[in-house]
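For the sequence shown, the working numbering assigns the number 48 to the initial residue and increments by one for each residue that follows. Structure record follows, encoded as structure tokens.
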Amino acid sequence: MSASAGTAASEIRQVRRPLSFAAEWRRQWGRRRTRVAFALVGALPVILVVAFAFGDRSSGRRSGATARFIDLAQTGSANFTLFTLFVSSQLLLILLAALFCGDPVPAEASWASLRYLLIAPVRRARLLSSKLAVGLTLTALATVVLIGWALLVGGLAYGWSPLTNPLGEDLGWGAYLARLAGAVAYIYVTMLPIAAIAFWIGVRSEAPLASVGGAVLTSIVLSILDQIDALDPWRNAFPGHYANAWQQLITPSPVWDDVIHGVLWALVWTILFVQLGYRRFRRADILS
């Protein structure tokens, strides 16, 4: 009797925490789209080095923010990493955030396995929380891997010179790495609204492409509207309006005003769409 009771208690403990973070992590990490996404992250710095090898680094000086990064990208690992961060934050990282946070729920629906997960039994809030937490973690991991790999690739390709901006001001490696970590964290926070929008669309749709494509399309449309001066001051509240404020953290004298505004607006939109997603999923009829 004691052995049977022990076995029963073990089985109860095993089902007490269904669809845990670890279990969902294994599910999402084993998917092909995750491996392809991380392969693309790893390939980007190498592709940039190859692309620079075919160009003339002295040709055609540019103006604006692009000049600060592309014209100095081949001067060392620090500048190359900033250029990689600049180009990837425009679309690639946004796409990954939308993919990792918007795809899991509609993917389960498209596989006709979502209702069986809820019968397991798994509470709807727990299912969403597990999938959202893993999606946000994968997004953060992809961002960190990209920057760490870019530092290494840039160092091997162009050496380990410290950061130099067009004004000739250097930033030592100690200060640079601290500022870079702050910039990466800020970019991650500003991507959260797009991840939340993808999450919200995902709980309303059974098509993974709808959630990812809808969130990315929203980001593009908002970026276009953000260029219209007539929308002042309303455009300041758009997700992504302060997306490039991380560049102010890399300067010798950081400016924090836009960074603070960007963080606050990003959190407002993220909380709003995450709550809408939970509300919708709690009331929806799960037929798939």
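Where is the CB? At the ideal position from N, CA and C, for every residue including glycine. This one's a predicted model, so the numbers in the text were calculated from it and none came from an experiment.
key: Coarse secondary structure for residue 338, derived from DSSP in three states   = Here the chain covers residues 48 to 335 and nothing more, so residue 338 does not appear.
task = Give every residue of the same chain whose Cβ lies closer than 7 angstroms to the Cβ of residue 214, excluding the five residues on either side of it in the sequence, and list them in chain order.
result = By one-based count along the sequence shown, residue 214 stands at place 167. For residue 214, the predicted structure reports a pLDDT of 49, less than 50, and the residue's modelled location is therefore unreliable. The matter cannot be settled from this model.
key: 9 angstroms Cβ cutoff met for residue 141 and residue 266   = Here the question's residue 141 lines up with position 94 in the sequence shown. Here the question's residue 266 lines up with position 219 in the sequence shown. Their beta carbons are under 9 angstroms apart, which means residue 141 touches residue 266 by this criterion.
message = For residue 207, which residues in the same chain have their Cβ closer than 7 angstroms to its Cβ, ignoring the five residues on either side in sequence?
response = Sequence index remark: in the sequence shown, residue 207 carries index 160 (1-based). Excluding positions up to five away in sequence, the list reads 123, 124.
request  = Check whether the Cβ atoms of residue 83 and residue 201 lie closer than 9 angstroms to each other.
outcome  = The residue labelled residue 83 in the question sits at position 36 within the sequence shown. The residue labelled residue 201 in the question sits at position 154 within the sequence shown. No, they are not a contact pair.
key: 8 angstroms contact criterion, which residue 240 and residue 184 should meet: CB distance rounded   = Translated into the one-based positions of the sequence shown, residue 240 becomes position 193. Translated into the one-based positions of the sequence shown, residue 184 becomes position 137. Not confirmed; about 18 angstroms, so no contact.
query = Can you give the beta carbon distance from residue 67 to residue 177, rounded, assuming they're within the 8 angstroms contact cut?
reply = Residue 67 sits at position 20 when you count from the first residue of the sequence shown. Residue 177 sits at position 130 when you count from the first residue of the sequence shown. The Cβ separation is near 7 angstroms, so the contact holds.
ask   = What number of angstroms, rounded off, separates the C-alpha of residue 326 from the C-alpha of residue 244?
value = To locate residue 326, count along the sequence shown from 1; it is residue 279. To locate residue 244, count along the sequence shown from 1; it is residue 197. If I take the Cα positions, the gap works out to 14 angstroms.
query = How many Å lie between residue 148 and residue 287 at the Cα?
reply = The residue labelled residue 148 in the question sits at position 101 within the sequence shown. The residue labelled residue 287 in the question sits at position 240 within the sequence shown. The alpha-carbon atoms of residue 148 and residue 287 are separated by roughly 18 angstroms.
key: Neighbour-count burial assignment, residue 199, 16 or more Cβ in a 10 Å radius   = Position 152 of the sequence shown, counted from the first residue, corresponds to residue 199. Residue 199 should be labelled exposed.
task = With a 10 Å radius around its C-beta and 16 neighbouring C-beta atoms as the bar for buried, classify residue 221 as buried or exposed.
result = Locating residue 221 in the sequence shown gives position 174, where the first residue counts as 1. The residue in question, residue 221, is exposed, as its Cβ has fewer than 16 Cβ neighbours within 10 Å.
ask   = Are there 16 or more other CB atoms within 10 angstroms of the CB of residue 321, so buried, or fewer, so exposed?
value = What you label residue 321 is simply residue 274 of the sequence shown in a count that begins at 1. The C-beta of residue 321 has 16 or more other C-beta atoms within 10 Å across all chains shown, which makes the residue buried.
Sub-9 angstroms separation of residue 193 and residue 131 beta-carbons = Counting from 1 along the sequence shown, the entry for residue 193 is found at position 146. Counting from 1 along the sequence shown, the entry for residue 131 is found at position 84. Taking 9 angstroms as the Cβ cut-off, residue 193 and residue 131 qualify as a contacting pair.
request  = Write down the C-beta distance between residue 135 and residue 91 rounded to the nearest angstrom, noting that I regard them as a contact closer than 8 angstroms.
outcome  = Position 88 of the sequence shown, counted from the first residue, corresponds to residue 135. Position 44 of the sequence shown, counted from the first residue, corresponds to residue 91. Contact flag correct, Cβ pair sits at about 6 angstroms.
key: Residue of 188, 256, 313, 181 minimising C-alpha distance to residue 154   = As a first step, residue 154 must be located in the sequence shown, where it is residue number 107. Just measuring C-alpha positions, the residue of 188, 256, 313, 181 sitting nearest residue 154 is 256.
message = Need the endpoints of the alpha helix (DSSP H) that residue 253 sits in, please.
response = Start at 1 with the first residue of the sequence shown, and residue 253 comes out as number 206. Per DSSP, residue 253 belongs to no alpha helix (DSSP H) and is neither H nor E.
message = Please tell me whether residue 231 and residue 309 are closer than 9 angstroms, where the distance is taken between their beta carbons.
response = As a working note, residue 231 is residue 184 in the sequence shown. As a working note, residue 309 is residue 262 in the sequence shown. Not a contact, by the Cβ cut-off of 9 angstroms.
task = Using only the heavy atoms of the ligand FMN, determine whether one of them is closer than 8 angstroms to the beta carbon of residue 295.
result = As presented, the structure is devoid of all ligands, the ligand FMN included, so that no description of it is given.
key: Cβ of residue 224 within 9 angstroms of any chain B Cβ   = Looking at the structure shown, chain B is missing, and only one protein chain is on hand.
query = According to the neighbour-count rule (16 or more other Cβ atoms, all chains shown, within 10 Å of its Cβ), is residue 217 buried or exposed?
reply = Counted from its first residue, the sequence shown places residue 217 at position 170. With fewer than 16 Cβ atoms within 10 Å of its Cβ, residue 217 is classed as exposed.
ask   = Candidates 279, 212, 146: which alpha carbon is nearest residue 79's?
value = Taking the first residue of the sequence shown as 1, we reach residue 79 at position 32. Here the closest residue by C-alpha is 146.
ask   = Taking the alpha-carbon positions, what's the residue 219 to residue 233 distance?
value = Along the sequence shown, one-based indexing puts residue 219 at 172. Along the sequence shown, one-based indexing puts residue 233 at 186. Going from the Cα of residue 219 to the Cα of residue 233 covers about 21 angstroms.
task = In angstroms with no decimal places, state the Cα-to-Cα distance between residue 49 and residue 70.
result = In the sequence shown, the residue the question calls residue 49 occupies position 2. In the sequence shown, the residue the question calls residue 70 occupies position 23. Note that residue 49 scores 49 on pLDDT, short of 50, meaning its location in the model is unreliable; the coordinates nonetheless yield the value given after this. Between residue 49 and residue 70, the C-alpha separation is close to 30 angstroms.
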